[in-house]
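Numbering (this note's numbering), first residue to last: 4 to 140.
Next comes the structure, spelled out in structure tokens:
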């Protein structure tokens with residue numbers, strides 16, 4: 004399974020593509036190829052992937068019309084959240100058959116493993132383990 008950026012984000016990048024510098028095009032390509040990098044990674048993660056500086060990543064975000072990387076990331080996360088169906092919503096709507104809840108939850112967890120590369124998963128796991136609080140939406 005591969006998660007794609009919501010159309011809104013892809014269209015936003017496309018709308019400014021003619022004004023992007025060579026480095027910003029590399030950033031756009033990386034974001035389009037691996038949406039989880041932008042949605043869940045840090046400025047440093049994306050900068051390292053593209054081989055550029057953190058300020059260049061922030062300038063890319065502002066060129067897309069955001070105040071900075073954090074605002075762009077929140078926009079992408081909201082888009083992904085809206086794009087993916089939530090198991091709780093499906094339960095409330097009655098889309099589950101008898102005993103189907105477990106299968107759906109297992110499938111959703113397996114889908115996460117298919118999307119996130121193992122190195123990044125380990126990194127996220129370490130952050131969760133050491134965090135004082137973890138919010139789940």
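Backbone N, C-alpha and C fix where the C-beta goes; we use that ideal spot for every residue, glycine too.
What you are looking at is a predicted structure, and each value in this text was computed from that prediction instead of being measured.
- Annotation: the continuous alpha helix (DSSP H) that includes residue 35 extends over 25–36.
- Pairing residue 67 with residue 16, the inter-Cα distance amounts to about 7 Å.
- Here DSSP, grouped into helix, strand and coil, assigns residue 128 to helix.
- Per DSSP, reduced to three states, the secondary structure at residue 135 is coil, with no helix or strand assignment.
- Here the C-alpha atom of residue 72 lies approximately 21 Å from the C-alpha atom of residue 124.
- Taking a C-beta distance under 9 Å as the contact criterion, residue 79 and residue 111 do not qualify as a contact pair.
- The shortest C-alpha to C-alpha distance from residue 31 to any of 127, 63, 134, 55 is the one to 63.
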